[in-house]
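In my numbering, the protein residues as written are 3 to 180.
C-beta atoms are modelled at their ideal positions from N, C-alpha and C, and glycine is treated no differently.
For reference, the structure discussed in these notes is given below.
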Ligand code: FES
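Structure (structure tokens):
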């Protein structure tokens, strides 16, 4: 004989509980998804980190002390250099679209063009042998150290190696793909 006091296995209360839980889970996932995509965006299609070969117009071993040569990232495909370090407005991993290869006291350095104050492009002052920023007056020695503020940090380095062509260097960069 059947037990008339036994509870049904799946009551309306159970159904409503599961339904509410599903609804809340869906709401939370829907709300979190855009935040997660914002925090960890997928890399755009076509982006690729690579060494970018740029011409410096003369063999590296013929650079004289005080020489500073500007170079630009390739535009076809659209590319950028990746800063190796930095302070102020610059930081390791930030992008630069131009740079300078400089020889001072027998040492060759390659710098990103971005002023460490607020990121404007510095320009070579050939008379004063300095890099000057047109935005707020910061100036840098050719070795990248600050000569005059408001910049408080030196120029960012770009990581580079000599290319197989003696008049070119390979600089760490990224193909942006757009
Ligand atoms: S951005 Fe160069 S001095 Fe301000």
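Contained beta strand (DSSP E) runs [length at least 3] in the segment 43-123, N- to C-terminal order: 50-57, 70-74, 81-84, 100-106, 109-114
With a cut-off of 8 Å, do at least 3 Cβ pairs link the segment 94-108 to the segment 28-39? When C-beta atoms of the segment 94-108 are compared with those of the segment 28-39, fewer than three pairs fall below 8 Å, so the two segments do not count as touching.
Who pairs with residue 160 in a beta bridge, going by DSSP? 85
Under the three-state DSSP convention, the category residue 133 falls into: strand
Cβ-based burial, residue 60 [other Cβ within 10 Å; buried from 16]: Flag for residue 60 reads exposed.
With DSSP run on the structure shown, which of helix, strand or coil describes residue 149? In the displayed model, residue 149 falls within a strand according to three-state DSSP.
Got a sec: is the Cβ-Cβ distance from residue 77 to anything in chain B below 8 Å? Of the protein chains in the structure, only one exists, and it is not chain B.
What's the call for residue 21, buried or exposed, on a 16-neighbour Cβ count within 10 Å? exposed
Residue 4, DSSP secondary structure in three states: With a pLDDT of 48 at residue 4, under the threshold of 50, the predicted position of this residue should be treated as unreliable, though the coordinate-derived value follows. In the structure shown, residue 4 sits in coil (DSSP, three-state: anything other than H, G, I, E or B).
If we call anything under 8 Å between Cβ atoms a contact, is residue 146 one with residue 113? Going by C-beta atoms, residue 146 is nearer than 8 Å to residue 113.
What's the gap between the Cα of residue 83 and the Cα of residue 55? 11 Å
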